[in-house]
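Each number in UniProt numbering comes from the position in the sequence shown (counting from 1) with 248 added on.
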Amino acid sequence: EKNGYDHFMLKEIYEQPEVIKDTFRGRLLADQGLIRMAGIEDNIDKFLNAKRIIIAACGTSWHAALVAEYVIEEFARIPVEVEYASEFRYRNPIIDSSDVLIAISQSGETADTLAAIKLAKEKGAFVFGVCNVVGSSISRETHAGAYTHAGPEIGVASTKAFTTQITVLTLIALRLAKAKGTLPNSEYLKYLHELELVPERVEEALTQNDEIYKISEVYKDSTNCLYLGRGYNYPVALEGALKLKEISYIHAEGYPAAEMKHGPIALIDEHMPVIVIAPSQDHYDKVVSNIQEIKARNGKIIAVVTKGDKQVRELADHVIEVPGISEALTPILTTIPLQLLSYHIAVLRECNVDQPRNLAKSVTVE
Ligand code: M6R
Numbered sequence: 249e250k251n252g253y254d255h256f257m258l259k260e261i262y263e264q265p266e267v268i269k270d271t272f273r274g275r276l277l278a279d280q281g282l283i284r285m286a287g288i289e290d291n292i293d294k295f296l297n298a299k300r301i302i303i304a305a306c307g308t309s310w311h312a313a314l315v316a317e318y319v320i321e322e323f324a325r326i327p328v329e330v331e332y333a334s335e336f337r338y339r340n341p342i343i344d345s346s347d348v349l350i351a352i353s354q355s356g357e358t359a360d361t362l363a364a365i366k367l368a369k370e371k372g373a374f375v376f377g378v379c380n381v382v383g384s385s386i387s388r389e390t391h392a393g394a395y396t397h398a399g400p401e402i403g404v405a406s407t408k409a410f411t412t413q414i415t416v417l418t419l420i421a422l423r424l425a426k427a428k429g430t431l432p433n434s435e436y437l438k439y440l441h442e443l444e445l446v447p448e449r450v451e452e453a454l455t456q457n458d459e460i461y462k463i464s465e466v467y468k469d470s471t472n473c474l475y476l477g478r479g480y481n482y483p484v485a486l487e488g489a490l491k492l493k494e495i496s497y498i499h500a501e502g503y504p505a506a507e508m509k510h511g512p513i514a515l516i517d518e519h520m521p522v523i524v525i526a527p528s529q530d531h532y533d534k535v536v537s538n539i540q541e542i543k544a545r546n547g548k549i550i551a552v553v554t555k556g557d558k559q560v561r562e563l564a565d566h567v568i569e570v571p572g573i574s575e576a577l578t579p580i581l582t583t584i585p586l587q588l589l590s591y592h593i594a595v596l597r598e599c600n601v602d603q604p605r606n607l608a609k610s611v612t613v614e
């Protein structure tokens with residue numbers, strides 16, 4: 249069932265171009281300028297009248313929620329708050345019928361997320377689920393929802409579930425933007441056509457595997473790692489760090505790049521690899537100066553850059569290229585090399601990649 253791959257995780261990483269297509273199927277109709285998702289269409293008023301959207305999730309799904317916060321606010325101009333389900337449920341949150349709660353969960357069984365849903369429902373909010381497992385508890389407990397069509401995810405470390413969550417949430421953001429008229433139509437159409445290209449661009453990102461393997465050999469014995477990203481790629485930095493900790497047991501932290509000087513910079517020396525997500529977009533120059541600051545302290549820089557990048561290449565110890573795309577869509581691409589990097593490092597350290605110690609695929613107890 250591993251289809252010739254050594255591990256489920258690797259198989260699932262390589263399935264991403266296909267499952268993203270599955271997630272688009274019947275929903276993204278770029279030529280007609282349409283996004284069609286029954287769960288949204290049937291409840292469009294709930295979203296349009298919402299004072300704000302609260303997104304509750306755990307772990308990797310929480311990282312997808314952070315990406316969603318950026319895309320929904322940017323495209324649809326609806327205020328979004330992202331909550332750890334475990335915190336939300338226990339702090340008597342202020343939420344009522346003018347709010348929409350989106351719960352994100354691969355398994356659809358996470359205890360804290362389920363409890364957050366129940367609480368939001370009690371308080372009168374409309375609750376929408378983004379789940380992967382069909383018929384799961386969360387998909388049954390929510391008022392409506394949209395499935396990610398990632399197929400079964402066996403590896404405990406979430407990979408294809410994350411990128412398909414971002415895919416669904418981006419579709420939702422664009423659908424709401426269309427309904428609200430918050431994006432010029434030309435922009436909206438541009439995003440639809442660009443989304444169609446995402447599967448092949450993910451495929452292209454995967455071709456960096458050999459390069460990433462070589463980098464993994466250099467850093468496999470590291471004891472710490474720092475991941476930095478800005479804007480849409482700040483959640484990607486968090487996700488990259490989580491992936492590395494989970495399967496290789498290397499201590500890793502993700503930070504918004506600009507926060508580096510507020511603390512983490514003290515950690516940087518010649519033993520500290522810093523993975524910087526630096527696509528050629530809005531924050532490029534600022535991230536380049538972060539890279540200079542790291543270099544000045546002898547930190548080792550592994551940069552994820554846009555294909556053809558020159559400036560970062562001159563400064564970084566290693567670069568991994570991803571194809572160019574609009575900034576809002578970069579997380580789906582920049583995540584790919586970070587998944588492969590954690591995978592190879594974990595395999596080189598002889599860790600049990602698919603079933604890391606102390607972790608369960610679905611966390612059904614709080
Ligand atoms: O099934 P869920 O998406 O609700 O799971 C949430 C987290 O437990 C999960 O993402 C966890 O962090 C993964 N091991 C990440 O790789």
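Glycine is no exception: its CB is placed at the ideal position from the N, C-alpha and C atoms.
Nearest-angstrom beta carbon gap, residue j and residue i [assumed within contact, 8 Å]
i       : j       : result
Gly-307 : Leu-490 : 7 Å
Val-601 : Ala-594 : 5 Å
Ile-420 : Ala-398 : Between Ala-398 and Ile-420 the Cβ distance is about 16 Å, and since that is not below 8 Å, they are no contact.
Leu-431 : Ala-425 : 4 Å
Lys-534 : Ala-506 : 7 Å
Pro-386 : Ser-353 : The residue asked about is misnamed: residue 386 is Ile in this sequence, not Pro. Sure, about 5 Å apart at Cβ, within 8 Å.
Lys-366 : Glu-389 : 7 Å
Gly-561 : Asp-517 : Rather than Gly, the amino acid found at residue 561 in this sequence is Arg. The Cβ separation is near 23 Å, so there is no contact.
C-beta contact flag for residue i and residue j at 7 Å
i       : j       : result
Ala-304 : Ala-351 : yes
Val-536 : Ala-551 : no
Tyr-475 : Gly-502 : yes
Lys-371 : Gln-264 : no
Leu-589 : Ile-414 : no
Ala-526 : Ile-549 : no
Val-553 : Ile-539 : no
Val-319 : Gly-356 : no
Ala-368 : Gly-287 : no
Ile-542 : Val-570 : no
Pro-327 : Arg-300 : yes
Gly-403 : Phe-295 : no
Val-484 : Thr-396 : no
Leu-440 : Ala-278 : yes
His-531 : Gly-572 : no
Arg-337 : Ala-316 : no
Met-520 : Gly-547 : yes
Leu-586 : Gly-488 : yes
Cys-473 : Ile-513 : no
Thr-361 : Ile-580 : no
Leu-276 : Leu-443 : yes
Glu-331 : Ile-302 : yes
Ala-405 : Ile-495 : yes
Thr-612 : Ala-359 : yes
Lys-493 : Ala-500 : yes
Ser-470 : His-592 : no
Val-348 : Ala-298 : yes
Ile-268 : Val-446 : yes
Ile-292 : Ala-427 : yes
Leu-596 : His-311 : no
Residue i Cβ short of 6 Å to the ligand M6R heavy atom set
i       : result
Ser-355 : yes
Glu-307 : The sequence shown places Gly at residue 307, not Glu. Flag set: Cβ of Gly-307 near the ligand M6R.
Ala-312 : no
Thr-583 : no
Ala-405 : yes
Val-328 : no
Val-611 : yes
Thr-358 : yes
Any chain D beta carbon closer than 7 Å to residue i
i       : result
Gly-252 : Protein chain content of the structure displayed is limited to a single chain, and chain D is not contained in it.
Practice item. Quick one: which unbroken alpha helix (DSSP H) runs of 4-plus residues sit fully inside the UniProt domain "SIS" (463 to 604)? Chain order, please. Key: 482 to 496, 532 to 544, 559 to 563 and 578 to 596
**Study point:** Unbroken stretches of the alpha helix (DSSP H), 4 residues or longer, contained in the UniProt domain "SIS" (291 to 430)
**Key:** 292 to 296, 307 to 324, 333 to 336, 359 to 370, 385 to 389 and 408 to 428
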